[in-house]
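**Q** Input: one structure, supplied below.
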Amino acid sequence: MGPKKGGIVLNSLFEVPPLFRELLRERGVEGEEMMRKFLYPQLSDLPQPDAMKNLAQAVCLVIQYMTSGKQIVIWGDYDVDGTTGTALLVNFFNEFGVEVVWHIPNRMTEGYGLNMAWFLERKETVLANDFLLITVDCGISNALQIEKIKRLGATVIVTDHHHLPSDGMPNCLILNPSQPSCGFHKEQLAGVGVAFYLAAGIRAEYAKLEDPVKLTGKVNLKNYLAFVALGTIADVVDLTTTNRILVRAGLEALCETPFPGLKELLASCDIGSGDITSEDIGYLIGPKINAAGRLGESDLVVNILTEKNRKRARSLILKLTELNEQRRRISADNLEIALNVISNSLVEQNKCVIAKGELHQGVAGIVASRLVEIYGVPSMVFAQKNLPNGSIVYVGSARSIEGLDIFAMIGICSKWIERFGGHEMAAGLSVSHENMTGFEAAFAAIARESWQARTHLRKRRFDVECSVEKLMTEENMSFLKLLEPFGPGNLQPVFYDKSARIVDARTVGKSSEHLHLTIRGKYSNLKGIGFSLGKRVDDVQKDPERSILYVPTINRFRGNVSWQVRVIDV
81 MGPKKGGIVL
91 NSLFEVPPLF
101 RELLRERGVE
111 GEEMMRKFLY
121 PQLSDLPQPD
131 AMKNLAQAVC
141 LVIQYMTSGK
151 QIVIWGDYDV
161 DGTTGTALLV
171 NFFNEFGVEV
181 VWHIPNRMTE
191 GYGLNMAWFL
201 ERKETVLAND
211 FLLITVDCGI
221 SNALQIEKIK
231 RLGATVIVTD
241 HHHLPSDGMP
251 NCLILNPSQP
261 SCGFHKEQLA
271 GVGVAFYLAA
281 GIRAEYAKLE
291 DPVKLTGKVN
301 LKNYLAFVAL
311 GTIADVVDLT
321 TTNRILVRAG
331 LEALCETPFP
341 GLKELLASCD
351 IGSGDITSED
361 IGYLIGPKIN
371 AAGRLGESDL
381 VVNILTEKNR
391 KRARSLILKL
401 TELNEQRRRI
411 SADNLEIALN
421 VISNSLVEQN
431 KCVIAKGELH
441 QGVAGIVASR
451 LVEIYGVPSM
461 VFAQKNLPNG
471 SIVYVGSARS
481 IEGLDIFAMI
491 GICSKWIERF
501 GGHEMAAGLS
511 VSHENMTGFE
521 AAFAAIARES
531 WQARTHLRKR
541 RFDVECSVEK
551 LMTEENMSFL
561 KLLEPFGPGN
571 LQPVFYDKSA
581 RIVDARTVGK
591 SSEHLHLTIR
601 GKYSNLKGIG
611 FSLGKRVDDV
621 QKDPERSILY
631 VPTINRFRGN
641 VSWQVRVIDV
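The structure is reproduced here in structure tokens:
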């Protein structure tokens, strides 16, 4: 059984099977109107761009620079959210015939946010005396740098979604849903989502200057939702309300993307036919894009996503594929190093993990995420950085668990920190060598306190009991697609089969760490993969009728697409 394109179309929402009604009820979706909006989200239900604080003024300013031929500079963050948002705006301006200067900072040498040295070095050679600077997914914590850049002749628009800094906002136009007075305050847009709304506002206003029919044919905003889907899912933000509408439409746009570089990127991930899922982005496309930024070559991603020639794009993607393989090796090595320095007793005592040492700064976030999976507590990984003046600073990435706001926890320890930024589930920070001991003690204290005060969430083992044989039918899989996209706020449903019939079990992977299963289905056997479950193979072979926790997923291999089962536990 292979996935068919598109979800099922219901004549009436009363046709939803009881199994899926139960899943919808768990998500707070009841009643015909709520079900319609959830199962068939419409772009017409999106909030209007002018609900975003400062958007109208920002649009007028951008159009002024576009029509006068003055220089526009775009500065994006180096993660998937920042690079896709930057590519979105670069492609958007190019469609209007406006060439822009853009830059993605090197994670290792320039760090996060605006870097004054870059502007000073290019003042005489690249930058005009009067230019418009637009930030993407960064800038909100760069008040000091923005003041200095303005003295070089810049007018600045910050587009960002990160928490507002406590020590003062930049003195410029700010598009950020985190502002309490913003009409998007509850929407949790990603950085690329904010960039998209800026583009939507520009297009709407620009339509008043030209023939709207001609303009509609020139710039199709739906094409740009492909970038929104990539950045939003990769940034692990809430996928309800506005984000659900944007990403659902973006997944459809990805399948039909006109952007040559994006087409080649999908092909390199063996995604060439059928629907694209949130899991494809989370496990295949997103990590591949992120590899460039993690290893200091984020400009490669924007070059790919803005490349108009497919042959040149393929050449660039070969380099990206090499970086992704390198990233995998470094991540595995660094995880092993981190595990060797972690004390299990301290983790149990402090309800957090802090690992530091000669680790690779670019993969700190990946390692922190793996530590969260292993220990189930907020985790930080710090790479030691030796500065030219002989001092030492620790540059870290933090990841959290549901119910614990890592950004707020770090903020309480701010007196020990050089700089930090982020949101509830992820953050980045720098701590000097002299302050590290104090920071570790302070964070451990707040982690223990937060853990005790935490609203204990129901331990989510599974959503619905349903056998593999019963669930894995063409009709049910079509219904399941209507629940996409999955992520925070709409987690992928986990099913429980109390007596799955396992026909074959063996280990796969370089170290035999994964479990490959063949499971009896209704009409044919189904493949199953249990990541990091290889150690259970002997038990399964001895007793092949097993209870399993599983999720249906799409398997892509050499152009063939089929349904399989991802086994979470057995």
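Residues in the sequence shown are numbered consecutively from 81, following this note's numbering.
Even glycine gets a Cβ: it sits at the ideal position worked out from N, Cα and C.
Only counting the same chain, and skipping five residues up and downstream in sequence, which positions put a Cβ closer than 8 angstroms to that of Val620?
**A** The answer, listed in chain order, is Ile582, Ala585, Leu595, Leu597, Arg626, Val650.
**Q** My output table needs one value for Ile143: the three-state DSSP class, helix, strand or coil.
**A** Helix, per DSSP.
**Q** Please name the residue, chosen from Lys399, Lys465, Pro367, Gly518, that lies closest to Ser449 on a Cα-to-Cα basis.
**A** Looking at the Cα atoms, Pro367 is the closest of the given residues.
**Q** Roughly how many whole angstroms lie between the Cα atoms of Val181 and Ile229?
**A** The alpha-carbon atoms of Val181 and Ile229 are separated by roughly 15 angstroms.
**Q** Entirely within the region 133–182 and at least 3 residues each: give me those beta strand (DSSP E) ranges in chain order.
**A** For the region 133–182, whole beta strand (DSSP E) runs of length 3 or above, ordered along the chain, are 151–156.
**Q** Within the region 498–573, note down every full alpha helix (DSSP H) run reaching 4 residues or more, in order along the chain.
**A** DSSP runs (the alpha helix (DSSP H)) wholly in the region 498–573: 516–533, 548–551, 554–562.
**Q** Considering only C-alpha positions, which residue in the set Ser471, Ser411, Gly456, Glu377 is nearest to Asn430?
**A** Comparing Cα positions, the closest option is Gly456.
**Q** Contact between the region 238–246 and the region 201–221: three or more CB pairs below 8 angstroms?
**A** Enough Cβ pairs lie closer than 8 angstroms, so yes.
**Q** Count the other C-beta atoms from every protein chain shown that fall within 10 angstroms of the C-beta of Thr205, then say buried if there are 16 or more, exposed otherwise.
**A** Label assigned to Thr205: exposed.
**Q** For Thr322, list the residues DSSP reports as bridge partners.
**A** None, per the DSSP bridge assignment.
**Q** Are the beta-carbon atoms belonging to Leu331 and Ala314 less than 8 angstroms from one another?
**A** Cβ atoms of Leu331 and Ala314: not closer than 8 angstroms.
**Q** Starting from Thr598, trace the beta strand (DSSP E) in both directions and tell me its first and last residue.
**A** Start and end: 594–599.
**Q** With a 10 Å radius around its C-beta and 16 neighbouring C-beta atoms as the bar for buried, classify Arg374 as buried or exposed.
**A** Arg374 is buried by the Cβ-count criterion.
**Q** The alpha helix (DSSP H) with Phe98 in it runs from where to where?
**A** Per the sequence shown, residue 98 should be read as Pro rather than Phe. Segment 98–106, the alpha helix (DSSP H) holding Pro98.
**Q** Just verifying my parser: in three-state terms, what is the DSSP assignment at Phe637?
**A** Strand at Phe637.
**Q** For Phe176, tell me which candidate among Glu110, Tyr120, Ala234, Val299 has the shortest Cα-Cα distance.
**A** When only C-alpha atoms are compared, the closest one is Val299.
**Q** What is the rounded straight-line gap between the Cα of Lys391 and the Cα of Asn186?
**A** The alpha-carbon atoms of Lys391 and Asn186 are separated by roughly 26 angstroms.
**Q** In this structure, how does DSSP classify Val299 when only helix, strand and coil are distinguished?
**A** DSSP places Val299 in coil when its eight states are reduced to three.
**Q** Does the region 257–265 come close enough to the region 121–133 to have 3 or more Cβ pairs within less than 8 angstroms?
**A** Output reads yes: the region 121–133 touches the region 257–265.
**Q** Quick one: using the 10 Å Cβ neighbour count with 16 as the cut-off for buried, is Lys622 buried or exposed?
**A** Exposed, since its Cβ has fewer than 16 Cβ neighbours within 10 Å.
**Q** Is the beta carbon of Tyr630 less than 8 angstroms from the beta carbon of Asp577?
**A** Cβ atoms of Tyr630 and Asp577: closer than 8 angstroms.
**Q** For Asn466, name the three-state secondary structure that DSSP assigns.
**A** If DSSP states are grouped into helix, strand and coil, Asn466 belongs with the strands.
**Q** Across the region 514–529 and the region 489–496, are there enough close Cβ pairs to call them in contact, namely three or more that are closer than 8 angstroms?
**A** The region 514–529 is in contact with the region 489–496.
**Q** Just to confirm, is the Cβ distance from Leu551 to Phe575 under 8 angstroms?
**A** A contact, by the Cβ cut-off of 8 angstroms.
**Q** Suppose contacts are defined by Cβ-Cβ distances below 8 angstroms. Is Gly502 in contact with Arg534 by that definition?
**A** No, these two residues do not count as a Cβ contact at 8 angstroms.
**Q** Measuring CB to CB, does Leu135 end up less than 8 angstroms from Ile154?
**A** The answer is no: Cβ separation not under 8 angstroms.
**Q** What do you get for Ala580, buried or exposed, if any count of 16 or more other CB atoms within 10 angstroms of its CB means buried?
**A** When all chains shown are included, Ala580 counts as buried.
**Q** Which residues bound the alpha helix (DSSP H) around Ala284?
**A** Residues 271–286.
**Q** Grouping DSSP H, G and I as helix and E and B as strand, with all else coil, what is Lys651?
**A** Any property of residue 651 remains undetermined from this structure, which presents the chain solely from 81 to 650.
**Q** The alpha helix (DSSP H) that contains Gly191, what's its start and end?
**A** Element bounds for Gly191: n/a, residue is neither H nor E.
**Q** Out of Gly508, Gly470, Ile454, which one is the CA nearest neighbour of Ser477?
**A** Ranking the options by Cα distance to Ser477, first place goes to Gly508.
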